[in-house]
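Enquirer:
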Amino acid sequence: MFQLLQKKIKKNIFFLVSGSLFAFLLFLLMYLMIKPGELDLEALKNRQMIDFIRLKKDDTLNERDRKLPDKPPPPKRPPPPEIDQPELKKMPTPMLDIELPDINMPIDTDGALVGG
């Protein structure tokens, strides 16, 4: 039992140390990749580089003045055609004789429901 515990502890210590060493080496590698180096600006100035992104364009363009042509006058509209309208006879409106019922209801304004 004691020997199994010792093996587990040794295994855990090994993985802990190797993981820490790997993380340290990884950070060291990242530092070396981004650390500023010795830049020789004179050497960079003397280098000829090709500019692929923005090519210098010729600024002298052949421009010409354009004028809009005069608008032609609109054509004359023909007169509207004369339409023969028939004479309409006035239709007589019939007078309806409707008998309305006589509704006589007493309207009392004093009572229990009216509040008077």
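Under our numbering, the sequence shown has 228 at position 56, and the numbering climbs by one with no breaks.
Glycine included, C-beta positions come from ideal geometry on N, C-alpha and C.
(1) Output the boundary residues of the alpha helix (DSSP H) element that contains Met205.
(2) Alpha carbon to alpha carbon, how far is Ile275 from Pro266? Give it in angstroms, no decimals.
(3) Got a sec, what are the start and stop residues for the alpha helix (DSSP H) Asn218 sits in?
(4) Taking just the CA atoms, how far does Ala215 sit from Lys207?
(5) Give me, in chain order, the residues of the same chain whose beta-carbon lies closer than 6 angstroms to that of Leu240; leave out the 5 immediate sequence neighbours on both sides.
(6) Output the distance between the C-alpha atoms of Leu118 and Met277, rounded to the nearest integer angstrom.
Expert: Checking against the coordinates, here is how it stands:
(1) Per DSSP, the unbroken alpha helix (DSSP H) holding Met205 starts and ends at 174 to 206.
(2) Taking the straight line from one Cα to the other gives about 26 angstroms.
(3) DSSP places Asn218 inside the alpha helix (DSSP H), whose first and last residues are 213 to 218.
(4) Straight through space, the alpha carbons of Ala215 and Lys207 are spaced by roughly 20 angstroms.
(5) Here the set comprises nothing.
(6) Coverage of the chain is limited to positions 173 through 288, which leaves residue 118 absent and any answer about it impossible.
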